[in-house]
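Enquirer: My questions all concern the structure below.
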Amino acid sequence: MKSEILTGKKMPFCPGCGHGVVVNNISKALSELGYNPLDIIIVSDIGCSGLVDPLFATHTVHGLHGRAPALGLGVAMGLNDRSKKVIVIQGDGGATIGLQHLLEAARRNIDITLLVFNNLLYGMTGGQISGLSTDKFKEMRQVEEGIPPFDIVKLAHQAGAMSSARVLSPVNFTESIKHAVETPGFSLLELASVCPSYGLQKIKELDEFSQEADALLNNRKVNEVNYRTTTSLLNFVKEIPILYPTKIEDNYRILLAGSAGGGIQLAAELLAKAGMYAGLHATMKGEYPVTVGTGFSVAEVILSKNHINYTGLDAPDVIFVMTEDGLEKVQKYLNNGTSVYADDIVNFECQTKITKPFSRKVGKRSAILSAIAYWIEENDIIPINAFIEAIKPHKHSELLIKAIETPI
Amino acid sequence: METQKSKMALTDASLLITEACVKAGADAFIGYPITPSNKFYSYGSLRFPLFLAGPDEITVLQWMSGLSAAGKLPVTSTAFPGLALMAETFNMAYMMELPMLVIVTQRLGPSTGSATTGAQGDLSFINGLISGGFPIPVFCPSNFEDAWTLAEESIKTSVNLRTPVILLTSKEMVMTQKSFDLTKLHDIKPVDRTPKNIKLPYKTYFADETLVPPFIPVANNKHLVRLNSSTHDDEGMIQKNSPNALANTKRLKDKIENSIDKYLFYELDNESTNEHLIVTYGISAGACRDAVKELRKNNVKVSLLVVKTILPVAPKIISIIESYNNIYFVEENIGGQYKEIIFGKQHKSNVYQVNKMGHMINPDDVIKAFNL
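Heads up: the protein sequence lines correspond to chains Y and P, in order. If you count the first sequence from 1, you need to add 1 to reach our numbering. If you count the second sequence from 1, you need to add 30 to reach our numbering.
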């Protein structure tokens with residue numbers, strides 16, 4: 002029978018399939034709740050339950066196997082409009098492959114309704130068992146797997162669903178669907194269905210082969226997404242004017258090597274900015290283990306009179322070695338005539354190294370700044386004031402400037 | 031005309047891309063952390079009107095599809111492992127014709143590879159991402175100016191062609207801080223999303239000669255919208271292989287390929303002769319620019335083509351490449367993926383490759399190919 006919610010198209014299901022019963026009950030429930038079809042968005046999954054789209058006169062979105070709860074949640078978050086109702090339909094196979102999406106939707110508790118048509122099997126592909134197939138059903142099918150089904154009603158409840166229920170008798174479908182749709186937040190309703198082609202033939206078998214009927218409630222805040230007003234990221238990008246001269250006519254490639262927590266990355270950034278205050282182009286990039294809080298920390302800085310196209314650093318002009326961790330990473334560049342400035346806590350042979358007690362004078366965290374300052378003053382590459390200018394905006398600038406002004 | 035005073039700053043391409051996306055009209059960032067794409071996540075969490083932390087990459091792209099269906103313009107960033115998980119949903123969004131942007135930051139593979147080592151190894155995967163060999167618009171920035179411009183174009187192309195778009199970057203592009211003149215950033219206006227030429231009754235996938243159906247968000251009060259990931263007709267109704275549905279599917283290819291000149295970006299530094307052409311893209315472009323300067327100092331007549339709309343391959347790009355006697359493909363992967371997309375596996379005596387894995391290609395690597 003055609004209703005406002007349905008298009009009146011012929012059901013695409015096998016004769017006797019339980020899914021048609023569920024579809025008619027959805028239509029009845031939505032009609033009784035007074036919904037306009039264009040206020041409903043049916044989001045369907047893959048499988049026999051995913052054939053419902055043409056039946057509904059509502060908006061429809063037909064997605065992927067198991068992903069419909071995530072897709073429906075995305076639609077609801079995009080609309081952010083409680084006058085619109087997203088109803089997601091999937092089968093027990095979809096609930097199995099996409100269990101994470103079901104749990105995530107329950108956890109988020111955004112206002113959507115998930116209807117799971119559970120016929121205990123994959124009907125579209127030949128009747129294979131699903132993660133929701135019960136032991137008893139599998140015995141009947143002579144599949145002795147010995148692994149119990151997921152109880153998605155309890156799982157959804159535990160994940161935070163406002164309402165989650167399993168209904169076995171079609172006489173209760175309409176009222177159960179109405180309750181699920183009216184419940185604000187995430188509601189899950191598992192509806193028992195027969196599959197005459199591969200599974201249960203009769204509705205009266207549902208009680209025997211299904212998990213028990215259940216109905217669970219949580220009392221939680223219904224979540225909505227927050228669309229904010231933000232400001233341009235460029236507002237946080239500080240302009241660096243040219244304030245100082247430089248003696249660099251070509252380019253200078255600098256390698257800083259130390260350990261995590263030793264301020265290597267910060268020092269590299271400050272050095273790059275110092276170069277810019279002296280009118281140079283600069284690049285800075287860091288390298289460190291994926292576990293950023295331990296192990297080596299290496300940074301590359303290029304200062305150049307000209308625009309920098311290639312940002313790699315193959316042959317450094319100067320290397321700072323602050324710790325054993327750092328030494329290991331830059332070993333291949335040593336003894337090539339490259340200038341090396343090293344903390345005296347690091348023991349290694351290198352004919353071109355200058356060793357100073359940087360960390361013992363200013364502490365491990367500031368040692369690299371002290372070493373850079375020593376190098377700048379010794380070589381007159383850029384004015385030391387350019388380096389101080391770069392440090393000034395830092396929240397611990399006084400401490401950092403004190404470190405570079407400490408005589409070594 | 032007055033010359034505007036430069037405004038130098040130390041910044042990175044992640045920031046510029048994020049800002050350009052929002053200015054162009056993107057309004058949601060859905061993130062799942064993955065190195066080396068995490069700066070996008072950080073900037074996205076600060077800048078986009080909506081920021082959501084997804085529980086996995088599949089969910090991220092599903093949420094984005096839902097948001098896009100509802101009229102939002104979502105963006106995410108990932109690297110190969112995440113992109114691999116997104117592959118099925120990317121196909122779905124492509125079939126549903128949902129505007130969105132996926133930023134891919136390339137890192138060394140295969141598999142999880144080395145998360146903090148740069149690479150240009152994902153082009154072949156992206157070229158074959160859509161089942162059936164359908165094209166995706168893929169932009170590839172070669173410097174910070176490109177990062178700004180191509181992020182804007184990515185967003186606008188996704189709307190104008192009603193399709194997911196990929197912005198293909200690399201660790202070295204988005205994690206390197208660089209001095210940059212902010213006055214080089216042109217003003218970006220939000221993309222116009224007003225649906226045009228709606229023929230009534232509205233059919234979700236009915237398109238005029240532009241081949242792009244007007245986009246109306248799901249749940250609107252006037253027009254019924256049917257979005258469909260499976261083969262469907264112009265109403266969005268699932269079909270097996272009806273003529274209407276197959277024509278609708280073929281349209282997906284045609285709408286992207288036929289309009290390539292509207293979103294084609296490249297840089298051709300042309301020498302006076304057609305003797306040598308270096309073809310490159312993305313992070314290898316910097317080394318090539320330096321190499322070209324050195325080669326010209328040595329009287330080598332060499333031209334440089336930096337391809338920025340890397341996919342689909344535009345006929346214009348082919349015609350430029352074919353007009354040179356010797357062609358050098360420079361890309362940071364072991365097989366020469368872009369070369370293979372252009373010329374296949376066939377050996378050509380006038381086509382040379384400069385490839386490297388695990389380290390950036392440097393200017394000397396390029397110069398060596400010329401056997402000076």
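Just so it is clear, CB atoms sit at the ideal spot from N, CA and C, and this is done for glycine as well. On a predicted model such as this, the values are computed, not experimentally measured, just so you know.
#1: Leucine 256(Y) to glutamate 301(Y), Cα distance in whole Å?
#2: Cα-Cα, which of Asn37(Y), Phe57(Y), Glu225(Y) is closest to proline 185(Y)?
#3: Residues of the segment 83 to 105 of chain P with a CB closer than 8 Å to any CB of chain Y: list them in chain order, please.
#4: In the structure shown, what three-state DSSP assignment does glutamate 297(P) receive?
#5: Within the same chain, show all residues whose beta-carbon is closer than 7 Å to that of asparagine 121(P), passing over the 5 residues directly before and after it, in chain order.
#6: Would leucine 349(Y) and leucine 370(Y) be called neighbours here (beta carbons separated by less than 8 Å)?
#7: Over what stretch of residues does the alpha helix (DSSP H) that includes valine 182(Y) continue unbroken?
#8: Tell me which residue opens and which closes the beta strand (DSSP E) that glycine 280(Y) is part of.
#9: Determine whether the Cβ of leucine 234(Y) lies closer than 8 Å to any Cβ atom of chain P.
#10: When DSSP builds the beta bridges, which residues end up paired with asparagine 356(P)?
#11: On the DSSP letters alone, give me the boundaries of the beta strand (DSSP E) that glycine 92(Y) sits inside.
#12: Spatial neighbours of methionine 31(P) within its chain, please: CB distance less than 6 Å, with the 5 preceding and 5 following residues excluded, ordered by chain position.
#13: Looking only at its own chain, which residues have a Cβ that is under 7 Å from the Cβ of glycine 143(P), when we skip the five neighbours before and after it?
#14: Among Ile350(P), Ile133(P), Phe78(P), Asp395(P), which residue has its Cα nearest to the Cα of proline 167(P)?
#15: Quick check on glutamine 332(Y) - is its C-beta less than 8 Å from some C-beta in chain P?
#16: Where in the segment 192 to 240 of chain Y do unbroken runs of the alpha helix (DSSP H), each at least 4 residues long, occur, reported from the N-terminal end onward?
#17: Using beta carbons (cut-off 8 Å, strictly below), is isoleucine 185(P) in contact with chain Y?
#18: Roughly how many whole angstroms lie between the Cα atoms of leucine 113(P) and methionine 126(P)?
#19: Beta carbon of isoleucine 308(P): closer than 7 Å to some heavy atom of the ligand FMN?
#20: Is the shortest distance between the beta-carbon of leucine 80(P) and the beta-carbons of chain Y less than 8 Å?
#21: Hey, how far is the Cα of glutamine 202(Y) from the Cα of glycine 19(Y)?
#22: So, with DSSP's three-state summary, where would you put methionine 38(P)?
#23: Less than 7 Å between C-beta atoms, sequence neighbours within five positions excluded: which residues of the same chain meet that for threonine 28(P)?
#24: Are the C-beta atoms of lysine 239(Y) and some chain P residue less than 8 Å apart?
#25: Taking Cβ to Cβ, would you say alanine 181(Y) is nearer than 8 Å to leucine 169(Y)?
#26: Near aspartate 54(Y), which residues of its chain fall below 6 Å by C-beta distance, leaving aside the five closest residues on each side in sequence?
#27: What are the residues of the segment 303 to 320 of chain Y that lie near chain P, defined by any Cβ-Cβ distance shorter than 8 Å?
#28: Just the Cα atoms here: how many angstroms apart are cysteine 170(P) and aspartate 86(P)?
#29: How far does the alpha helix (DSSP H) with leucine 328(Y) in it reach, from first residue to last?
#30: Along chain Y, in chain order, which residues have C-beta atoms closer than 7 Å to that of aspartate 403(P)?
#31: Tell me, to the nearest whole angstrom, how far the beta carbon of leucine 304(Y) is from that of tyrosine 375(Y); I am working on the premise that it is less than 8 Å.
#32: Apart from the five residues on each side of it in sequence, which residues of its chain come closer than 8 Å, Cβ to Cβ, to serine 398(Y)?
#33: Over what stretch of residues does the beta strand (DSSP E) that includes aspartate 344(Y) continue unbroken?
#34: Taking the beta carbon of glycine 99(Y) as the centre, do at least 16 other beta carbons fall within 10 Å, making it buried, or is it exposed?
#35: Spatial neighbours of leucine 266(Y) within its chain, please: C-beta separation below 6 Å, excluding the five flanking residues on both sides.
#36: Compare the beta carbon distance of valine 195(P) and threonine 206(P) with 8 Å and say whether it is the shorter of the two.
Expert: Straight from the coordinates:
#1: 5 Å
#2: Glu225(Y)
#3: Pro85, Asp86, Ile88, Thr89, Gln92, Trp93, Met94, Ser95, Gly96, Leu97, Ser98, Ala99, Ala100, Gly101, Lys102
#4: strand
#5: Ile160, Ser161
#6: Correcting the residue identity first, residue 349(Y) is phenylalanine in this sequence and not leucine. No, they are not a contact pair.
#7: 174 to 183
#8: Element bounds for glycine 280(Y): n/a, residue is neither H nor E.
#9: yes
#10: His306(P)
#11: 86 to 92
#12: Bear in mind that the predicted position of methionine 31(P) carries a pLDDT of just 37, short of 50, making it too unreliable to give a figure here.
#13: Arg137
#14: Ile133(P)
#15: no
#16: 207 to 210
#17: no
#18: 19 Å
#19: Inclusion of the ligand FMN in the displayed structure is not the case, the ligand content being empty and no account of it being possible.
#20: yes
#21: 9 Å
#22: strand
#23: This structure cannot settle anything about residue 28(P), because the visible part of chain P is limited to 31 through 402.
#24: yes
#25: no
#26: Ser45, Thr61, His63
#27: Ile309, Asn310, Tyr311, Thr312, Gly313, Asp315
#28: 25 Å
#29: 325 to 331
#30: One cannot answer for residue 403(P) here, as it falls past the ends of chain P, which runs 31 to 402.
#31: That belief does not hold up - the Cβ atoms of leucine 304(Y) and tyrosine 375(Y) are roughly 17 Å apart, past 8 Å.
#32: Ile392
#33: 340 to 344
#34: buried
#35: The identity of residue 266(Y) in the sequence shown is glutamine, whereas the question assumes leucine. Once the five neighbours on either side are set aside, the close Cβ partners of glutamine 266(Y) are Gly287, Ala300.
#36: no
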